[in-house]
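A quick write-up on the structure given underneath.
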Amino acid sequence: MAFDFTPLFQPKSIAVIGASRDPTKIGHVILKNLVEGGFSGQVYPVNPTADVILYQHSFASVKDIPSPVDCAIIVTPPQAVLSVLQECADKGVKAAVIITSGFAEVGNVKGEEEIKRIAKESSMAVIGPNCVSKDTYVLIQNDGKISNRQIGDVVDSLLLQHSNEVVNINGTFMLNLDGNEGVYTASSDGSRIVFKRITKVFKRVSSDNYRVRLNGGRTLVCSGDHPFIVTGNDVKVPCRALTGDESVPCAGFIENSTHETSVNLLQRLVSRVSANNTQVNSAEGLKISLANAQFHLDSTGVFKPYNRMHKEPDYLSWKSSRTRLSPVVEITDELSKLCGFFVADGNYSTDHLSIGYVDNSDERSEMCRCIKAVFGNDLSTASTDKIKFGRKIGRFVFEDVFGIPRYAENKRAPEFIFSAKPERIAAFLSGLFSGDGGIYQSDNRAYLYFYSVSEGLAHDVLYLLAMLGVRGYVSKANRKIATFNGKVYPARDLYAVRIENVGAIKRLHSLGFSFMFKKQQKKLESAIMLPSVSNSVLKPVFDAHIKDIERLDQEMELYDFEVEGTHNFVANGIITSNCMGLINPGMRVDSVFNPVYKLGRPKQGEIAFISQSGAIGAAVMDLAAKMGVGMSLFVSYGNAAVVTETDLLEHLRDDPKTKVIAMYIEGVRDGRRFLDVAREITKTKPIILIKAGKTQAGTRAAASHTAALAGDYAVYSAAFRQAGIIEVESLTDLFDFSKVFLQPFPTGDRVAILTNGGGIGVLTSDWVATHGLKMAQLSEVSKQELRDSMPVHINIANPLDLAGDADSKRFKFALDRLLLDDNVDSIVLTPLFQTSNMDAGVVDVIVNASQQMKKPIVLVTIGGDYTENNRKIIEEGGVPTYTSIYVATKALAKLTWYAMNHYQRE
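Start counting the sequence shown at 205; every next residue gets the next number (this note's numbering).
What follows is the structure in structure tokens.
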């Protein structure tokens, strides 16, 4: 299918369908990049719930836009993609970028086929889908250390290396292995939550157990020590997830399990768990809620918090804000049942360390020392025993954010997940303040407060609550005398974290926050009692799911599940993606959803880069921006449901702005067509490619990463050579080799080396020969002219060593002579800028010589800050520069091989 890519790469108007007012949402970031990035065309936000987004009028549907739309960027949930794409087709939109994932890469082949059908019938060029499915990193313990591994390296390859069938059950892929072991991967909203291995084990539990019979025949047994609800009939209803509230973790064991019931219960468990510590008990249901937090993965593979140097959303502001972010909550019958104080899990007097009011510096220091022990390697029982998990919100945040159960033997938190100040963590673990907070009724309005005597601590609370998706603001209470839970705090101003959003209050409740209806109730078991089942809003849910509950007075052996390895964390929803869309720097078209301050945008240039993986594309693009290397086009195409890598190659073949094509692929859709097109392109333009999936494990991992058909690598490699494709082995090579192909193509393999340091010239000669190039024999004319102009101590040979006293004039004469020598096909420069006579003029000499575009020139220079500054100037002047002789000569060898074997000169 031949596509017209003009509406995609050079649109005059773009609709962002799923644009959001929330600065943390992808739809907001993409819209902001277009509006503030200088796109000269018209941008239309599409969101039925918003009137204005970023000062742009928002439309309820793409069909409501009065003007034609060239390109649509779709960031809706997966279930809405097909209808939205059909609306675009009916509107006459000719190009689309589907950011949404949840298609072939998670088993939804039918949905992807429907995308193809709509695109084919409307002649629409579609990039994607699968532009947001996470390139998840699994953090695993490796020889006693925490290391991060890409998901395909750890889990997907483990799943697929077995011959057992992988079954898709309600979005959860489960692979049964021999015995009682299994590997599970869950897909939720396009984001995969994966475990390395879950092993089924037997566990003997105490006599305090309950058998829950559900309508439909399923039976579960729950031990009495996990969260439960007390109904008016004094019947303990375990596992609130069974009531239909999907936001609550599952808390049940399996009795007399069949394969189907095991899968159903595990599906509920696995979809709730995204962090595991030593043993995952289905009664705990641990998870990491990072989807609403601002984190990133830095170059060292460490998770860092959001950089506060950049502008944050209002609700993450560290400054006091009196602006209400939402209407005041109206009291309803349902909400009135929630009014009261948050539960303290245990005894107020013994379990509460009110660090918010601690004035004793020694006591505060001791508390902080304990917190540091949690984050350190010197963990001891004595230190962790001093850290109380008593207060409900502190315990919940610790479990939910850190993924560490309160009864875990090893409470050490991974510092790369959350590197907050010890004082802030101490405040949360100790219960924040005199009370955890509460929902208060005033007239017909409800307010949720967390009080503090410290304004800074109140903002810390606001920040941590934002991690749970709860928005609010800080206000000053201006009280001279305050009483909380019977304790009087005179002459202290108080600061309240106020939350006035009913959705936020309900979310806290759904996350596990219970409420007291009588202040004197102290124990969790009595505090969470509902008035009666008949009046409870949960009664219809109970009736629909639970048949009866029976108390068991005997010990039982029940199935439980253990996860291999300690601190096997899955950070989900916070880093890069399989596909990121496209960027045309010349047109200022930018559909990439990463903020500019996190991911640099390259300047306009002559290298086009297309990538099947967004993570790889982001890395190369960010590096190109840092190094000042320009791009003509960046496309990350994901699952290639409609527009494939071959379609993009055909477009770039005829693009006058593109001189070099760089690619990252895991597999191709139509191998024969791909090679035919590539063979034709390489006659006039080089294609530099890195192929993933070379090993058996990598090949299998690729299948679940972008639904790629990876194929046998040996076949690919041979075909690449025949087609004239330059294959590289690493991302560094991909970047380093691409820029050398912007140089003139050499007519032969003879290399001259020009230096002012003898040793570095000898090393360069070795690598030239190693990579199959030849040392040029200078012509007699060149030798004579050099003898006549150079000092007597200069040995006229190749390498041509200009000696340590060389200046820019000597360097210019020698370089000009080599450029004129017919025996020299290419030149490697290895100047030492540190020598006393080497003045700054040599930089201009090299740049000016390269701009004559007679022969390829590469530069290798090694040194400190002064040398690095000169190298950057030369790079910006159009000369490919390197800090490694090996890389420079290897890149030159690739250029020479292509020029002599495949390039057809006009």
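Using N, Cα and C, we set each Cβ at its ideal position, and we do this for glycine too. All values reported here derive from a predicted model rather than from experimental measurement.
According to the DSSP assignment, Asn788 belongs to no alpha helix (DSSP H) but to the beta strand (DSSP E) extending over Gly785 to Asn788. For Ala1044, the secondary structure class from DSSP, reduced to helix, strand or coil, is coil.
With contacts defined as CB atoms closer than 9 Å, Val1049 and Leu1019 qualify as a contacting pair. Within the model, the alpha-carbon separation for Thr888 versus Leu938 is close to 19 Å. Counting the other CB atoms within 10 Å of its CB gives Tyr868 a total of 16 or more, which places it among the buried residues. Apart from the 5 residues on each side of it in sequence, Arg954 sits with its Cβ closer than 7 Å to the Cβ of Lys978, Ala980, Asn1027, Val1028 and Asp1029 in its chain, given in chain order. Positions of the beta strand (DSSP E) runs, each at least 3 residues long and wholly inside the segment 933 to 982, are given as 954 to 959 in order along the chain. According to the DSSP assignment, Leu1024 belongs to the alpha helix (DSSP H) that extends over Ser1012 to Leu1024. Going by C-alpha positions, Asn999 is about 29 Å away from Phe949. DSSP places Lys987 within a helical segment (H, G or I) once states are collapsed to three. For Tyr1107, no beta strand (DSSP E) encloses it, and the DSSP letter there is neither H nor E. Of the candidates Val944, Lys895 and Asp940, Lys895 places its Cα closest to the Cα of Ser921.
Going by C-alpha positions, Phe213 is about 26 Å away from Asp940.
For Ile277, the enclosing beta strand (DSSP E) starts and ends at Cys275 to Ile278. Here Asp1069 carries a helix assignment [DSSP, helix/strand/coil]. Secondary structure of Tyr841 (DSSP, three-state): coil. For Met831, the uninterrupted alpha helix (DSSP H) run begins and ends at Gly818 to Met831, by DSSP.
Distance check between Val881 and each of Lys1076, Gly332 and Leu852 places Leu852 closest, using alpha-carbon atoms only. Using a C-beta cut-off of 8 Å, the segment 1068 to 1077 makes no contact with the segment 1100 to 1108, since fewer than three inter-stretch Cβ pairs fall below that distance. Note that the C-beta distance between Ile303 and Val847 is not below 9 Å. Of Ser934, Leu935, Thr886 and Thr959, the smallest CA-CA separation from Ala927 is found for Thr886. Bounds of the beta strand (DSSP E) holding Lys895 are Ile891 to Lys895.
Bridge partners of Ala927 according to DSSP: none are assigned. A distance below 6 Å between beta-carbons, with the five flanking residues on each side excluded, links Lys987 to the following residues of its chain, in chain order: Ile1000. Between Ile892 and Ala866 the beta-carbon gap is near 5 Å, inside 8 Å, which marks them as a contact. Taking a C-beta distance under 9 Å as the contact criterion, Cys275 and Ala299 qualify as a contact pair.
As the crow flies, the alpha-carbon of Lys216 is around 15 Å from that of Ala329. In the structure shown, Gly875 falls within a helical segment according to DSSP collapsed to helix, strand and coil.
A direct Cα-Cα distance of roughly 14 Å separates Asp1009 from Lys1016.
Of the candidates Met791, Thr280, Leu289 and Ala284, Met791 places its Cα closest to the Cα of Gln246.
When beta bridges are read from the DSSP output, Ser1030 appears opposite Val955. Contact between Ser1012 and Gly1045 is confirmed by a C-beta separation of about 3 Å, below the 8 Å threshold. Going by DSSP, Pro249 is part of the beta strand (DSSP E) stretching over Gln246 to Val250.
Around the beta-carbon of Pro272, fewer than 16 other beta-carbon atoms lie within 10 Å, marking it exposed.
The C-alpha of Asp226 lies about 52 Å from the C-alpha of Ala1053. Here Asn251 is not near Asp794, since their CB atoms are 9 Å or more apart.
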